[in-house]
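Everything in the sequence shown is counted per my numbering, starting at 5 for the first residue and increasing by one. So the structure is just underneath, and the comments pick up after that.
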Amino acid sequence: MRHSPYFEMPSIPGRFRSHSWLFAVAALIGATPRATFGIAVDAPPNKTQPRSKGPLASELGPLIDALGNESYAQRQAATRRIIALGPSVLPDLRARLARETNTEICYRLRYILDNIRPPTRGALILRAYAESGLRPGDIVTHVGPWRISNQEEFRDRLRDFEQGATLRVFGEDGPREVGPVRLGPLSLSGDVRDYVTPQGEIFAAATRLYASGQAERANELLQDAKDIDEREFTRLLRARIAFTAGDGDAAERLMERVERGAANAVPIGGSGNEWSDPSPLDLSGPGKAPFALEWNALTRDAERAVNDLDEPPLRQRDPDLRVQRVLVPAGRFISAATRSAAIWAEDYRDLMRGGGSDRDIIAGNMLAVTAWMFNELDLRSECARMIEPRSAVLRRSNAATATWLRVDTDAWLPFLRGEEAEALSRLFDDAMGVLKRPPSEEDPSAAIRNPRVAAIVAFFVYQFPDADQRREALETFEREGHAALGTYAGWMLFALREGNFDAIRNDLAKLAPAMSDDGAPPFARALAMLEYVREAPDPDVMLSARQRLAQCPPSESRERWLALIDTLSALAGDDLIGAEQALADWSDEPDAAALKTTIAFRRAQAGLDPGGTLYVGGDARLDRPLLAVPATGREGVWVVLGRDRRLYSLDGETGVTREIPAPTPTWFPNPFAWPWIGREEKTGRVWAYGRRRVVEITPGVETPVRLNLTFGQATSFDRIVAPFFSEMTASCSPPDQNEESGEFLRAEVGANHEYVSDPDLPELGVTRSLADNPRFAYASFRGGPTALIDTVGQRVWTSDWLAGRIGAEPPFRFFVRMLTAPDDAAPRALLLTTRGVVILDTIDESVRRLALPGDAPYPVVIPETLPYQRGDQRFAYCVRLPEEGGASYRIDLETGEVEEMGIQNIALPDEWYRSMSRAEIRAMVSAAFEARGLPGVEAFIDDVEATIKEWERSSKP
């Protein structure tokens with residue numbers, strides 16, 4: 005699954021020619037040396053630049069002497085410097101070796117003599133696994149002590165080393181040693197080729213360029229290669245490079261020349277999962293193969309099989325492998341759901357109504373994929389209703405499986421009817437069966453018995469904190485290493501309320517030691533926060549939580565959370581000076597603001613600010629509060645979270661304290677809803693964060709804002725959206741009350757509304773910092789608005805503002821990519837919108853619209869998702885929607901020219917559907933179903949349920 009809906013270079017001058025060192029390419033693109041194992045050297049100087057005539061003997065001698073220096077760093081530096089001098093120093097090195105007696109110097113001289121020239125033969129790595137230490141484009145020259153000259157020798161020698169061998173390789177940084185490396189995944193397909201000069205230099209350099217995101221340069225480089233031997237460089241990788249560079253016709257010609265069975269996208273090896281294992285096309289080079297090439301390869305192989313009167317690959321198990329291998333990872337969830345539903349309706353429905361057998365579970369698989377796609381679209385009603393029909397098919401064919409536990413549970417349906425006990429009963433036994441005996445990765449049932457889905461049972465267990473089920477589940481997770489422990493703890497906290505607070509606090513303390521160091525940090529922080537909100541916090545528990553967090557790997561968030569725990573611990577112990585000191589370490593963080601004002605409030609309460617004007621009242625309910633923030637912008641007005649975990653307003657002018665009604669029925673200061681109270685500094689508006697809501701609690705406000713958000717999204721909301729709360733919420737329109745904009749349909753939510761999205765409220769879809777420039781952030785509400793946010797300059801550009809500038813009609817949305825470096829004084833943004841390509845200058849707020857070639861200059865455009873991580877800083881890329889032809893465009897960032905590429909986009913970006921209202925998504929699904937001749941979604945599900953019930957009756961023994 006791509007997300008959980010519940011939780012949250014400079015240019016080369018001219019064309020590179022063969023017969024020059026492949027390392028020159030690395031120098032030309034500005035490559036930098038990387039850390040390596042063993043003896044490592046820098047890349048030799050660019051051969052296109054003037055070479056020195058070599059050092060004088062008086063200069064070389066001291067360098068050779070340094071090879072025996074007591075300092076390892078000095079020996080390494082001398083080795084690198086001598087190799088960088090090149091072959092001109094070979095005579096002097098051989099002469100010195102003949103008379104040298106120092107064993108270390110002799111060893112290093114032999115190493116230098118062996119590596120000062122680039123290799124002429126070896127094994128070229130086209131695809132590397134990170135854990136191996138190898139990189140795409142590396143040339144292996146030695147396996148252990150043996151020199152190798154081709155891929156067969158590489159594999160044969162490597163098989164001799166059960167525990168792995170040390171490899172000597174030439175890479176972009178020169179020679180280095182890697183290992184130990186075992187054969188393992190390096191033997192699946194064409195991931196290792198023969199390296200033979202002179203063309204091997206081209207292939208190695210092209211592989212590196214392609215791996216670094218420079219497909220155009222890699223493709224240009226390959227034009228110099230003639231009569232390419234498949235043993236040296238495969239057509240599959242050449243096709244991938246050509247396609248990614250924009251030459252789809254060349255890619256298809258290459259694919260058509262590959263033998264049947266080698267070109268297809270059917271997986272080989274791996275775990276035996278035909279839905280996700282890598283294919284020959286994947287294994288041919290770095291990264292994942294383009295979706296469009298995989299789609300065409302699978303289509304071509306199926307057509308060949310039909311023409312040969314033979315079944316397409318894996319047809320006996322899956323009618324259309326393109327759904328799982330291409331449409332799903334490409335984000336085409338509606339297309340995948342529609343195709344799977346159609347296969348069910350056209351090929352299996354009548355068979356099952358007649359009492360036929362479910363041949364190899366294909367019918368069940370089609371229902372599974374349809375339900376899975378509903379889940380990816382966050383249509384949880386539709387998904388939940390499909391779970392029992394899918395489970396019924398599994399029960400008939402798999403004795404170990406009673407319920408399909410792959411993406412969600414249908415226990416939500418009785419829970420939302422107010423039948424909490426029925427919900428727990430429906431899920432508990434099946435979930436615990438999976439959690440007590442989790443399947444191994446090799447187990448064929450692992451996909452349908454997913455421990456992380458089974459762990460949702462925690463939410464239902466803690467509805468009854470005194471029941472035996474809680475103790476049974478806790479015993480399962482107290483042992484170390486359970487893969488679903490973090491998920492279980494997350495759902496436990498999702499259930500947090502006054503009635504189960506003590507149980508959850510106690511159980512989290514027991515579970516924290518069993519968590520992995522990588523997974524423990526958010527829960528160690530949560531444990532400290534749960535202790536903080538107790539009426540009498542235990543300092544030993546706070547210390548234990550801090551120690552557990554300190555044991556985890558260093559990270560920016562760990563250091564910030566340690567400071568948070570220190571601040572809360574000091575406040576819990578009434579050490580206000582200590583709290584100020586701890587807060588100083590992270591005072592610039594947005595969520596520190598509420599603690600700053602809390603300390604100020606408590607200092608005034610304690611009389612530590614003589615002569616201060618801050619009025620904090622004398623109401624005992626406000627004594628030593630958990631949190632206190634100023635509100636309304638009028639001096640003396642506060643919103644306070646008391647030690648009784650209730651919210652209050654204090655008017656300093658009148659001295660009146662009022663209890664604020666709970667924002668939601670079971671509102672609680674949840675660790676995953678930190679910082680609990682948000683505030684817009686420029687207006688003084690304040691709001692409370694709930695598990696699924698943002699609820700404005702500004703004293704005196706007439707129409708408070710209410711929003712949906714995802715559990716765990718409060719922190720990013722507070723960091724990104726809170727400073728612009730008024731602008732963003734003013735642009736939000738509540739959904740139409742006649743539409744179905746919630747996760748669950750209105751008719752299915754009769755109780756426990758606060759645990760799911762409210763169909764009548766706007767909903768936050770996406771909040772994130774931009775990876776290419778963290779100063780900027782992106783936020784999107786479902787159905788609008790979207791916004792680009794400058795967190796440093798404190799400015800926001802909403803989709804409404806941009807639509808006004810370019811004269812676009814709603815609905816209007818955009819995706820964003822920053823075009824300038826993070827330290828650029830004049831940042832520019834590329835906005836891919838529902839009305840074309842726009843460049844925004846964030847300094848003067850000028851807007852420039854780029855016309856695309858063709859008859860539609862301003863269509864809907866989205867980010868490219870081949871998938872391929874582009875690294876060529878000369879260009880930006882965008883594509884049209886797949887249903888509109890998927891044309892791809894390359895934008896020259898220097899000239900502003902836009903060129904249509906010769907490739908088709910068939911993917912959607914990760915956040916495509918999360919920017920839409922669910923009502924819009926439901927309408928799109930229904931339209932797709934109807935266009936395929938299927939009934940509407942609700943009617944389709946009704947028919948599936950009826951069909952499976954009839955099948956169960958007619959097929960009983």
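The beta carbon of each residue, even a glycine, is placed where N, CA and C say it ideally should be. Values in this document were obtained by computation on a predicted structure and should not be read as measured data.
Closest by C-alpha distance to residue i, when choosing among the options
i	options	result
D635	D627, L651, A624	For clarity, residue 635 is Ala in the given sequence; the question names Asp instead. Of the candidates D627, L651, A624, the one whose C-alpha sits nearest the C-alpha of A635 is L651.
S385	E63, A372, F748	F748
D613	L580, W590, I952	L580
N742	T571, P763, V725, L618	P763
S2	A880, G688, G900	Nothing about residue 2 can be reported from this structure: the residues present for the chain run from 5 to 961 only.
E416	R453, R456, I460	Note that residue 416 is Trp in the sequence shown here, rather than Glu. Of the listed residues, the one whose Cα sits closest to W416 is I460.
I969	T824, Q609, G217	The first residue shown for the chain is 5 and the last is 961, placing residue 969 beyond what the model contains.
G646	L630, R638, L654	L630
V820	G808, I866, R779, Q798	I866
D965	I569, R441, L285	The structure shown does not extend to residue 965, since the chain is modelled only from 5 through 961, so no value can be given for it.
A493	E502, G900, P525, L94	P525
T771	T795, L226, A134, Y466	T795
G640	A341, P443, G688, A513	G688
I141	R529, Y214, V705	The question names Ile, yet the displayed sequence has Gly at residue 141. The option with the nearest alpha carbon to G141 is Y214.
V173	D198, Q218, E205, G126	G126
S573	A532, I793, L626	A532
T707	W691, L566, P149, R649	W691
Close-in-space but distant-in-sequence residues of the same chain around residue i (CB under 6 Å, 5 per side omitted)
i	result
D195	L130, R131, L287
T790	S784, S803, R817, F818
G490	G523
R353	T951
T40	Residue confidence for T40 is low, a pLDDT of 26 falling below 50, so the modelled location carries little weight; the figure read from the coordinates is stated next. The residues are R180.
D776	M822
L885	V864
Residues near residue i in its chain [Cβ-Cβ closer than 8 Å; skip 5 each side]
i	result
G422	G754, A755, N756
P766	L711, N712, T733, C736, S737, P738, P739, F785, R786, G787
L313	Unreliable placement is indicated for L313, whose pLDDT of 39 sits below 50; no coordinate value is reported for it.
R79	A70, L71, G72, N73, E108, R112
R389	D414, L417, I945, E949
L774	F780, A781, Y782, V820, R821, M822
Separation of residue j from residue i, as counted between CA atoms
i	j	result
E584	S921	43 Å
A931	I810	30 Å
A817	S919	A small correction: the amino acid at residue 817 is Arg; Ala does not occupy that position in the sequence shown. Near 8 Å, if we compare the C-alpha coordinates of S919 and R817.
A44	R163	For A44, the predicted structure reports a pLDDT of 27, less than 50, and the residue's modelled location is therefore unreliable. A value from the coordinates is still provided. Taking the straight line from one Cα to the other gives about 25 Å.
F1003	P184	Not covered by the structure: residue 1003. The range shown for the chain is 5 to 961.
I245	R874	12 Å
F432	R509	22 Å
E663	L420	29 Å
A950	A855	52 Å
I945	D177	59 Å
A396	A427	18 Å
A372	I391	8 Å
A597	G289	49 Å
I68	E156	37 Å
Neighbourhood of residue i by C-beta distance below 7 Å, restricted to the same chain and skipping five residues each side
i	result
D947	P939
R151	T145
F498	F463, R695, F715
Closer than 7 Å: residue i CB and nearest the ligand SAM heavy atom
i	result
L512	Summarising the ligand content, the structure contains no ligands, and the ligand SAM is consequently not present.
Opposing strand residues paired with residue i [DSSP bridges]
i	result
F879	D896
I691	For the sequence presented, residue 691 should be read as Trp rather than Ile. Answer is G682, E700, bridged to W691.
L840	The identity of residue 840 in the sequence shown is Gly, whereas the question assumes Leu. Partner(s): T837.
G906	D251
E767	N712
P634	W642
A791	A783, T802
L67	Per DSSP, none; premise fails for L67.
8 Å Cβ cutoff, residue i in contact with chain C
i	result
E446	Among the protein chains of the structure shown there is no chain C, as only one such chain exists.
My parser needs the alpha helix (DSSP H) runs of 4 or more residues fully inside the segment 469-533; what are they? Fully enclosed alpha helix (DSSP H) runs of 4 or longer: 472-481, 489-498, 505-515.
Runs of alpha helix (DSSP H) wholly within the segment 402-467 (minimum 4 residues, chain order): Whole alpha helix (DSSP H) segments, 4+ residues: 416-419, 424-440, 455-458, 461-465.
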